[in-house]
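The UniProt record's numbering applies: residue 1 is where the sequence shown begins, and numbers increase by one.
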Amino acid sequence: MSPTKKILIGLGVLLVVFIGVAAMLGGGEEGIEVETAEARVRTITQTVTASGTVASEVEVPISSDVSGEIIFLAVEEGDRVNQGDLLVRIQPDFYVTEAERARSQIATAQSGVGEAQASVVEAQRSVEQARADLARATAERERAERALERQQDLFDRDVAPAMDLEAARGAFEVARAAEQAARQAVSGAEARVGSARQRVQSAQTQVQSARAGARRASQELARTAIYAPMSGTVSQLNVELGERVVGTAQMSGTEIMRIARLDAMTMEIDVNENDVVNVEVGDSARVEVDAYPDEALGGAVAQIANSARIQNAGTAQAVTNFPVVVRLAAAGASAEDAERAPEEGVPSAPGPILRPGMSGTVDIYTRSVPEAVVVPIQAVTVRDINEVERERRRKARAGGDESADPDAVSEEEDLRRVVFVVEDGAAVMREVRTGIADDTHIEIREGLTGGETVITGPFRLLRTEIADGDKVQSDD
């Protein structure tokens, strides 16, 4: 290699070294490049955000109470109906026959009552006749008894022969037997009266049962025509004309359709267990439906469930949410209006046409703090204060301060929230106490007064690398 070439190579190396040293010295003077923002004083509102689906606040399923073929279907899905409108008619022939049979059974049972009552009258006449016969038999027995007593007296005085006494005694026994037979006839007639009255009661019971059957048959016949229980919109239609449905009076039958009030809509969302504690009934909300991204709606929390919905229960991925119902207000209506029920006459239907099942996002405003010092959320980080103190003492000892003993600081973690404030081109760590937060900012209750320049990034640098006293420069 020629001497000239060696000289050129040496000069090149020196130039590179010089540029590197200059860059290092220059970087040290300028400091670490960071992102910054100003701590401001303004109102901050805490929000809870969740997703859910649109539903009608009032939706009634229409089911059949009787079985049969649909012979008339008056509506289609999406039709508007008024309370009392005929919706469906089911083939009534079977139920007409049952109603006629029930009326026939009533007539038969009523005729049975008449026959039983006639039997009572006849039995009562038999009782009266038997009592008259008993009276005659009793009189005859008494006459025979007196005759026997006279013959006994004459016989005792030897005036009458024994033959006459025996004849009188025989006549008395015959009369007494006739009296007993007449008394038994009275008892039998009275028993027949009681039996006839029981038949009357049984016949009357049959009449009542037949009438109950007739009422049931009439009700089933009436249920073949299904009317709208409320005014609203047919939100779901599950049957076609000619289709057969199954229905019973004891349980729900085939669901034919659903009628919903589309002028009273809600959004049902699932709120995480950590956030639901901040939500209260009446909290105002902002609703964005995916189908109408440019039309935000107002709302208010109407209901908070007490029971949780747990996904992946029993696993490490278990998620616990609580259903929350948000009532939507009309376009332009206030959140206070949304808190009130639709029955109070307050408009609650949103301006856009919403349909049950649409998805959207809800921001619930749970709490506001006026005149709060706020900084971007990413400006707040966590530091182990004990580790920071140990590092400070190590640097002090390296600088010649033998009294700075890093081993005297506890080894336990003391994690605290801090922000880094830019002062005279250096990062100064400030311990802070935070409050509520919204989507982008967090409240600083202690540690800042407002107007300070805080470091907000880069995230990796702010999270672990930057230290108190480091030279910094804003990327602005």
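Every residue, glycine too, gets a C-beta built ideally from N, C-alpha and C.
Of all Cβ atoms in chain D, is any one closer than 8 Å to the Cβ of residue i?
i    : result
V159 : Chain labels in this structure do not include chain D; a single protein chain is all it has.
Since residue i contacts residue j with CB under 8 Å, what's their CB separation in whole angstroms?
i    : j    : result
A225 : L86  : 6 Å
G299 : V326 : 4 Å
R416 : D363 : So it is not a contact: roughly 30 Å between Cβ atoms.
N238 : M257 : 6 Å
A217 : A130 : Not confirmed; about 46 Å, so no contact.
G213 : A102 : 5 Å
G320 : A305 : Correcting the residue type first, residue 320 is Thr in the shown sequence and not Gly. Not a contact, Cβ separation roughly 12 Å.
A147 : A171 : 7 Å
A182 : A123 : No, A182 and A123 are not in contact; Cβ-Cβ is about 17 Å, not under 8 Å.
D414 : I385 : 4 Å
Assuming residue i is part of the beta strand (DSSP E), what are its boundary residues?
i    : result
Y292 : Per DSSP, Y292 belongs to no beta strand (DSSP E) and is neither H nor E.
D363 : 359–376
T254 : Careful: T254 lies outside any beta strand (DSSP E) and carries neither H nor E.
Y51  : Note on residue identity: the sequence assigns Ser, not Tyr, to residue 51. Unbroken beta strand (DSSP E) run through S51: 40–56.
Q236 : 232–237
V75  : Taken as a continuous stretch (DSSP letters only), V75 belongs to no beta strand (DSSP E), as it is neither H nor E.
R89  : 86–90
S63  : 59–63
A225 : 225–227
S403 : Per DSSP, S403 belongs to no beta strand (DSSP E) and is neither H nor E.
S474 : 472–474
Compare the C-alpha of residue i against each of the options and name the closest.
i           : options                : result
V96         : N82, E115, S111, G68   : G68
S231        : T47, G84, I62, S63     : G84
S63         : M251, R183, A39, A147  : M251
S119        : V75, V375, G194, D470  : G194
I106        : E391, A203, A396, F172 : A203
I377        : I444, Q91, D275        : I444
Q311        : N272, A296, P293, D294 : N272
V276        : A50, T43, E35          : A50
residue 496 : A144, T440, A147, P229 : Here the chain comprises residues numbered 1 to 476, so residue 496 is not present and cannot be evaluated.
V34         : R223, A427, G447, A222 : A427
E173        : R143, V200, V81        : R143
T43         : V472, P92, A372        : A372
A302        : A135, A296, A329       : A329
I401        : R393, D407, A408       : According to the sequence as given, residue 401 is Asp; it is not Ile. Closest by alpha carbon: R393.
L297        : R433, M267, V246       : M267
V207        : G399, Q46, A109        : A109
S368        : S126, D438, V121, G450 : D438
On the CB-based measure, 16 or more other CB atoms within 10 Å of its CB, does residue i come out buried or exposed?
i           : result
E465        : exposed
I269        : buried
G114        : exposed
A318        : exposed
D283        : buried
P350        : A caution first: P350 carries a pLDDT of 48, below 50, which makes its placement in the model unreliable, though a value can still be read off. Classification of P350: buried, given that the 10 Å Cβ count is 16 or more.
E240        : exposed
I455        : buried
S410        : exposed
T248        : exposed
T233        : buried
F420        : buried
residue 552 : With the chain covering only 1 through 476, there is no way to say anything about residue 552.
L462        : buried
F459        : exposed
V159        : exposed
R390        : buried
L134        : buried
A137        : buried
V382        : exposed
V54         : buried
The alpha helix (DSSP H) with residue i in it runs from where to where?
i    : result
S126 : 93–156
V174 : 162–222
E391 : 385–398
Query - Complete beta strand (DSSP E) runs within the UniProt domain "YknX-like beta-barrel" (268–329) (minimum length 3 residues, chain order) - result: The beta strand (DSSP E) runs of length 3 or more contained entirely in the UniProt domain "YknX-like beta-barrel" (268–329) are, from start to end of the chain, 284–289, 297–304, 309–311, 319–328.
Query raised in the report: Along the chain, which unbroken stretches of the beta strand (DSSP E) at least 3 residues long are found entirely within the segment 417–464?
Result: Correct list: 426–431, 433–437, 441–446, 453–457.
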